[in-house]
Amino acid sequence: MPTYPGAVPSLRLRLAATSACLGLLAVAAAGPVSATVSEGSAAARAADPRTTRGLFVDPYMPGSQAAAQDKTFKPIGSRAQPLWITDYYAIDDVRDAVRRYTERANEADKTPLLTIYSIVGRDCGLYSAGGQPDAASYRSWIDQVALGAKDQHAIAILEPDAVPFIGNPACGFDTDERLSLLTYAAKKLSKAGTWVYLDAGHSGWQTPEHMAPLLKRAGIAWARGFSTNVGNFRPTDDERSYAKALVKQLAKVGVSGAKYVIDTGRNGGGKPVDGDVCNPRWARIGKAPKQVLRGSFDGTLWVKNPGESDGESDDGTCHGGPPSGQWWPAGAKRLMGTD
Numbered sequence: 001m002p003t004y005p006g007a008v009p010s011l012r013l014r015l016a017a018t019s020a021c022l023g024l025l026a027v028a029a030a031g032p033v034s035a036t037v038s039e040g041s042a043a044a045r046a047a048d049p050r051t052t053r054g055l056f057v058d059p060y061m062p063g064s065q066a067a068a069q070d071k072t073f074k075p076i077g078s079r080a081q082p083l084w085i086t087d088y089y090a091i092d093d094v095r096d097a098v099r100r101y102t103e104r105a106n107e108a109d110k111t112p113l114l115t116i117y118s119i120v121g122r123d124c125g126l127y128s129a130g131g132q133p134d135a136a137s138y139r140s141w142i143d144q145v146a147l148g149a150k151d152q153h154a155i156a157i158l159e160p161d162a163v164p165f166i167g168n169p170a171c172g173f174d175t176d177e178r179l180s181l182l183t184y185a186a187k188k189l190s191k192a193g194t195w196v197y198l199d200a201g202h203s204g205w206q207t208p209e210h211m212a213p214l215l216k217r218a219g220i221a222w223a224r225g226f227s228t229n230v231g232n233f234r235p236t237d238d239e240r241s242y243a244k245a246l247v248k249q250l251a252k253v254g255v256s257g258a259k260y261v262i263d264t265g266r267n268g269g270g271k272p273v274d275g276d277v278c279n280p281r282w283a284r285i286g287k288a289p290k291q292v293l294r295g296s297f298d299g300t301l302w303v304k305n306p307g308e309s310d311g312e313s314d315d316g317t318c319h320g321g322p323p324s325g326q327w328w329p330a331g332a333k334r335l336m337g338t339d
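Heads up: the sequence shown begins at 1 in full-length UniProt numbering, then just goes up one per residue.
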């Protein structure tokens, strides 16, 4: 259970090998054979406040509240991070929760950040299992999220891990249904004025050749682009190489103009240790969130909130962390290198 509204449950402790999903799925068209990711007119882009103003630092985030009490935590608490919109918020509540948060950001003249994380069969039934109970519930829930975000000039990361997990026989979800739900969400949120980034895993998981046709089927033509490294520790240079290759592969399958963002919240510790992915001791915060908006690179974000635990374990695997999603001062200090 999240420790505050919207706190992120720990993302799945990701598979270290790129063989996590077995085999390429056949490409099926989702929309036109050739498509360009949604950006709107040149005039609309020029007038879009997201191109000129900073990202929202929410004073209600645990890291921000910790920094207000102890300046030791300022390197984390002073950085923009998203509000995670999960099944913590019921269908009847999620619209108002999104609207309150996005309006607060806009009142501060900043861009609101969201992570949408409630797909049916979330996290392959693992550490962050949950999500909506069925497809109809998910569509209704997304409708309310979109209404809350309408015209609020938000940025949203859509369903971390949902596409990279496709093809994993252990997951058990219906692939066609999942792709349909992601397309529905990307379309609804984009039409509400949100910049949507579908999650594309990371450089140590799937290949660009594998991901491009899946992202097309998941409705990336409706989105602004894709995100990489969410909740993971891969170096930024590796992620940029992966993202650039994925942009090229998307063009090859008929989707041009895709942008990308990289989660750098915990990738400042150098090359990750394979298999050590639950509150690893060697992890450090990475480059600060920054919009770049140059070429296909939209910038860096801290999507997985640094300082919140990945989870707990009895065998030491999670290095003493509390339950997933809980603010963990000792872990935050470790990430900052001040423990």
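Glycine included, C-beta positions come from ideal geometry on N, C-alpha and C.
Closest to Pro235 by C-alpha separation, out of Trp84, Asp109, Lys271, Met211, would be which residue? Taking the sequence shown and counting its residues from 1, the one referred to as residue 235 is at position 235. With distances taken between Cα atoms, Pro235 lies closest to Lys271.
Reduced DSSP secondary structure (H/G/I, E/B, other) of Ile262: Reading the sequence shown from its first residue, position 262 is the one you call residue 262. In the structure shown, Ile262 sits in a strand (DSSP, three-state: E or B).
Which residue's Cα is closest to the Cα of Val120: Gly148, Asp161, Thr111, Ser296? The residue you call residue 120 lines up with position 120 of the sequence shown. Shortest Cα-Cα distance from Val120 to any of Gly148, Asp161, Thr111, Ser296 involves Asp161.
Please tell me whether Arg79 and Ala288 are closer than 8 Å, where the distance is taken between their beta carbons. Within the sequence shown, the letter at position 79 stands for residue 79. Within the sequence shown, the letter at position 288 stands for residue 288. Yes, the Cβ-Cβ distance between Arg79 and Ala288 is below 8 Å.
Status (buried if at least 16 other CB within 10 Å, exposed otherwise) for Val140: As a working note, residue 140 is residue 140 in the sequence shown. It should be noted that the sequence gives Ser, not Val, for residue 140. Counting Cβ neighbours within 10 Å, Ser140 comes out exposed, since fewer than 16 surround it.
Quick one: is Trp205 buried, meaning 16 or more other Cβ sit within 10 Å of its Cβ, or exposed? Reading the sequence shown from its first residue, position 205 is the one you call residue 205. So Trp205 ends up on the buried side.
Per DSSP, what are the beta-bridge partners of Ala283 in this structure? Here residue 283 refers to the residue found at position 283 of the sequence shown. DSSP lists no partner for Ala283.
Own chain partners of Ser180 with C-beta closer than 8 Å, once the 5 adjacent residues on each side are dropped: The count along the sequence shown starts at 1 and reaches residue 180 at position 180. Answer for Ser180: Ala135, listed in chain order.
Whole-number beta carbon distance between Gly231 and Leu182, since they are thought to touch under 8 Å: Here residue 182 is taken as the residue at index 182 of the sequence shown, counted from 1. Here residue 231 is taken as the residue at index 231 of the sequence shown, counted from 1. About 18 Å; that fails the 8 Å criterion.
Where the beta strand (DSSP E) through Lys290 begins and ends: Locating residue 290 in the sequence shown gives position 290, counting from the first residue. Looking at the DSSP string, the run of the beta strand (DSSP E) that includes Lys290 is 290-294.
Can you tell me the Cα-Cα spacing of Gly54 and Asp339, whole angstroms? As a first step, residue 54 is located in the sequence shown; it is residue number 54 there, counting from the start. As a first step, residue 339 is located in the sequence shown; it is residue number 339 there, counting from the start. The alpha-carbon atoms of Gly54 and Asp339 are separated by roughly 30 Å.
Compare the Cα-Cα distances from Arg334 to each of Phe56, Thr207, Ser309, Ser313 and report the closest residue. Counting from one through the sequence shown, the residue named residue 334 turns up at place 334. Of the listed residues, the one whose Cα sits closest to Arg334 is Ser309.
Could you tell me which of Ile285, Thr52, Lys150, Val37 sits nearest to Ala97, measuring between CA atoms? Your numbering for residue 97 matches position 97 in the sequence shown. For the residues Ile285, Thr52, Lys150, Val37, the minimum Cα distance to Ala97 belongs to Lys150.
When the Cα atoms are used, what is the spatial distance from Gly299 to Phe226? The sequence position of residue 299 within the sequence shown is 299, counting from 1. The sequence position of residue 226 within the sequence shown is 226, counting from 1. Between Gly299 and Phe226, the C-alpha separation is close to 11 Å.
Quick check: the Cα distance between Arg224 and Val255, rounded to an integer number of angstroms? Position 224 of the sequence shown holds residue 224. Position 255 of the sequence shown holds residue 255. The straight-line gap from Cα to Cα measures roughly 11 Å.
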